[in-house]
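Novice:
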Amino acid sequence: MKRLPTRTVAASAAVAAMTALLAGCATGPSVAELDRQALAAVQASFRDQGIAKVDRIKQDLGQSACSTDKPVSDAMAERIAAEARATMKWPTGGQYFGDFREGERIAQSGRGMTWTDPSTATSANGGNCYNCHQISKTEISHGTIGPSLYNYGKNRGVTDLMAATAQPIVEYTWMKLYNGKTYNACSSMPRFGHAGLLDEKQMAHLMSLLLDPKSPVNQ
Amino acid sequence: MNNKTLWIAAALLAGAGLAAAQTAPAAPKSAGDGIAEYRAMLADGNPADLFEAKGEGLWKTKRGPKAATLEKCDLGLGPGVVKGTFVTLPRWFADTQKVQDLESRLVTCMETLQGFDAAEIAKTRFGQGEQVNVTALATWVAAESRGLRFNLPQGHPEEKRSYEIGKRVFFFRGGTHDFSCASCHSEEGKRIRLQDLPILTRNPGDGVGFAAWPAYRVSNGEMWSMQLRLNDCFRQQRFPFPGFGSEVTVALGTYMGVNAKGAQSIAPALKR
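Which chain is which? The protein sequence lines are A and B, in order. Counted from 1, the first sequence has number 314 at position 153 by my numbering; the numbering is strictly sequential. Counted from 1, the second sequence has number 1133 at position 158 by my numbering; the numbering is strictly sequential.
(1) Look up residue 1074/B in the DSSP assignment and say whether it is helix, strand or coil.
(2) With distance defined between alpha-carbon atoms, name the residue in 241/A, 319/A, 265/A, 352/A nearest to residue 372/A.
(3) Have a look at residue 374/A and residue 316/A and give me their C-alpha separation to the nearest angstrom.
(4) Would you list the residues sitting across from residue 1188/B in a DSSP beta bridge?
(5) Can you find at least 3 beta carbon pairs, one from the segment 1132-1140 of chain B and one from the segment 1063-1077 of chain B, that sit closer than 8 Å?
(6) How about residue 1198/B and residue 1111/B: are their beta carbons less than 9 Å apart?
(7) Return the bridge partner residues of residue 1199/B from the DSSP annotation.
(8) So what does residue 1167/B bridge to, in DSSP terms?
(9) Kindly list the residues whose CB is nearer than 8 Å to the CB of residue 1220/B, restricted to its own chain and excluding five residues on each side of it in sequence; keep chain order.
(10) Who does residue 1244/B pair with in a DSSP beta bridge?
(11) Are the CB atoms of residue 1182/B and residue 922/B within a distance shorter than 9 Å?
(12) For residue 180/A, collect the residues of the same chain with a Cβ closer than 8 Å to its Cβ; drop the 5 residues on either side in sequence, then sort them by chain order.
(13) Tell me whether residue 329/A sits in a helix, a strand or coil according to DSSP, three-state version.
(14) Give me the chain A residues within the contact set of residue 1197/B, using Cβ-Cβ distance strictly less than 8 Å, ordered along the chain.
(15) Is there a C-beta anywhere in chain B that falls below 9 Å from the one on residue 203/A?
(16) For residue 210/A, write down the residues that DSSP places opposite it in a beta bridge.
(17) Within the segment 211-272 of chain A, note down every full alpha helix (DSSP H) run reaching 4 residues or more, in order along the chain.
(18) Look at the alpha carbon of residue 214/A and the alpha carbon of residue 1223/B, and state the distance between them as a whole number of angstroms.
(19) Between residue 335/A and chain B, is any beta-carbon pair separated by less than 9 Å?
(20) So if I threshold CB-CB distances at 7 Å, which residues from the segment 191-222 of chain A count as touching chain B?
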């Protein structure tokens, strides 16, 4: 390269820096424009495969509001929770409980709803619970994204599932499983009932796994 | 070593690996122990080496309708320059007017230099047809930058835009389970089952996350490129299918690559 006089180099560097700065200010897309472009990119990049159709990337209120590294506003959190409460379904005939052994099997299964799964039927789905939670003590292969659920019922003083004193925690747990956004607008936990991932019976089995004093979880 | 010898060696090694896996003792042992043992066994012989050698061969072999090599392919540091490119991708390319990652750029070169149909390759399933060759090429290109530190360019407005799109895609929640990339990769020290999850919103450290792929996966005996890694993440997120080299996959590469600035590349790595 030909040597330029130092002053010219400094001057052109300054001009270049200035131009870059101006260009950055003048032509950089706004935050809202980038949000719009990102949505367009998502829409253009995915296609149907098996049971996983592109309608899955149409976001609802909560999915859209929680797609950020910043916490949502109190007002938005309340809107999401209110929606979740309004669509909450309690178990038919008050049948909150099933068999904790079945619950353990459902908790172990990480199957369901991917494009390699054959069906969207709830019977084909597991709960994915151990992927994120410690549950019974004997299963050491558990994730840590969610809190430990070991001794879930015991720690909450549940000694009799039918006792009136147990009722609030029974209802709370059902809501967490059905739609955890009721309590935490941007919770990482899937909405097993609301999204049709598990049916009432499957959720009742998980309820027993977590709350039944005889369940291995509470030993 | 000529190509044919290499192929025979590869086949023999793959066979030996399979036999070893089949005769493994059935004694109770945690998955973690098993993987650690297997990794130790392979410490000096990551099967990725075979894909690496194949990729180098492919780069220098006259192929495609134009019977040309890829030796004039520009991966961002000039035609034919391979070393150092892996730690600067994705980046802006003036000829395609696009930010491209390693794999989509390789496919561009296969089209322009060799006459392959890029759209056809993008539609091909991983592990089949020319996709096998793209993965091998990516493995070799990555290996040529082993030990170098990530330093993606962010000077071009499109590179900055790609980062911003990637960040938004990373946090995009959707699908049946409300998952985003951030559900698993935005906190330190988290696991799914026993699998440690890299934090990807910042530099996760040398050889972790973006700095490890392509990688040979012990669990299924396959060589996985970054595009396939992302594809399977989306599968597990219960999302629909991301197109090969689509804008979201490239933008995620830019986001992870820029966040990994300064991290040392160990790709091609050995994975669970």
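Note that the Cβ used here is the ideal one computed from N, Cα and C, for glycine as well.
Specialist: On the basis of the supplied data:
(1) For the purposes of this step, residue 1074/B is taken as the residue at position 99 of the second sequence. Here residue 1074/B sits in strand by DSSP.
(2) By 1-based counting over the first sequence, the position of residue 372/A is 211. Nearest of 241/A, 319/A, 265/A, 352/A to residue 372/A, Cα basis: 319/A.
(3) Start at 1 with the first residue of the first sequence, and residue 374/A comes out as number 213. Start at 1 with the first residue of the first sequence, and residue 316/A comes out as number 155. Within the model, the alpha-carbon separation for residue 374/A versus residue 316/A is close to 11 Å.
(4) Residue mapping note: residue 1188/B aligns to position 213 of the second sequence, counting from 1. Answer by DSSP bridge pairing: none, since residue 1188/B is not bridged.
(5) With the cut-off at 8 Å, the segment 1132-1140 of chain B and the segment 1063-1077 of chain B touch.
(6) For the purposes of this step, residue 1198/B is taken as the residue at position 223 of the second sequence. For the purposes of this step, residue 1111/B is taken as the residue at position 136 of the second sequence. Yes, these two residues count as a Cβ contact at 9 Å.
(7) Reading the second sequence from its first residue, position 224 is the one you call residue 1199/B. Residue 1199/B is bridged by DSSP to 1190/B.
(8) Residue numbering aside, residue 1167/B sits at position 192 when the second sequence is read from its first letter. Answer is 1170/B, bridged to residue 1167/B.
(9) For the purposes of this step, residue 1220/B is identified with residue 245 of the second sequence, where counting begins at 1. Answer for residue 1220/B: 1075, 1076, 1078, 1079, 1082, 1097, 1202, listed in chain order.
(10) Here residue 1244/B corresponds to residue number 269 of the second sequence, with the count starting at 1. According to DSSP, which records beta bridges pairwise, residue 1244/B is partnered with 1190/B.
(11) Because chain B is modelled from 976 through 1247, residue 922/B falls outside the range shown and cannot be assessed.
(12) Counted from its first residue, the first sequence places residue 180/A at position 19. Residue placement at residue 180/A is poorly supported in this model, since its pLDDT is 46, which falls under 50; the coordinates still yield a value, given next. Scanning its chain for C-beta atoms nearer than 8 Å, with the 5 sequence neighbours on each side dropped, one finds no residue around residue 180/A.
(13) The residue you call residue 329/A lines up with position 168 of the first sequence. Helix.
(14) Along the second sequence, read from residue 1 onward, the residue named residue 1197/B stands at position 222. In chain order: nothing, as chain A lies at least about 15 Å away.
(15) Taking the first residue of the first sequence as 1, we reach residue 203/A at position 42. Yes, residue 203/A lies at the interface with chain B (some Cβ there is under 9 Å from its Cβ).
(16) Within the first sequence, numbered from 1, the residue matching residue 210/A stands at position 49. In DSSP, residue 210/A forms a bridge with 213/A.
(17) Runs of the alpha helix (DSSP H) inside the segment 211-272 of chain A: 222-226, 235-247, 261-269.
(18) By 1-based counting over the first sequence, the position of residue 214/A is 53. By 1-based counting over the second sequence, the position of residue 1223/B is 248. Using only the alpha carbons, I get a separation of about 17 Å.
(19) Within the first sequence, numbered from 1, the residue matching residue 335/A stands at position 174. Contact of residue 335/A with chain B is not assigned, every C-beta pair being separated by 9 Å or more.
(20) Along the segment 191-222 of chain A, the positions whose C-beta sits under 7 Å from a C-beta of chain B are 195, 196, 198, 199, 202, 203, 205, 206, 207, 208, 209, 210, 213, 214, 215, 217, 218, 220, read in chain order.
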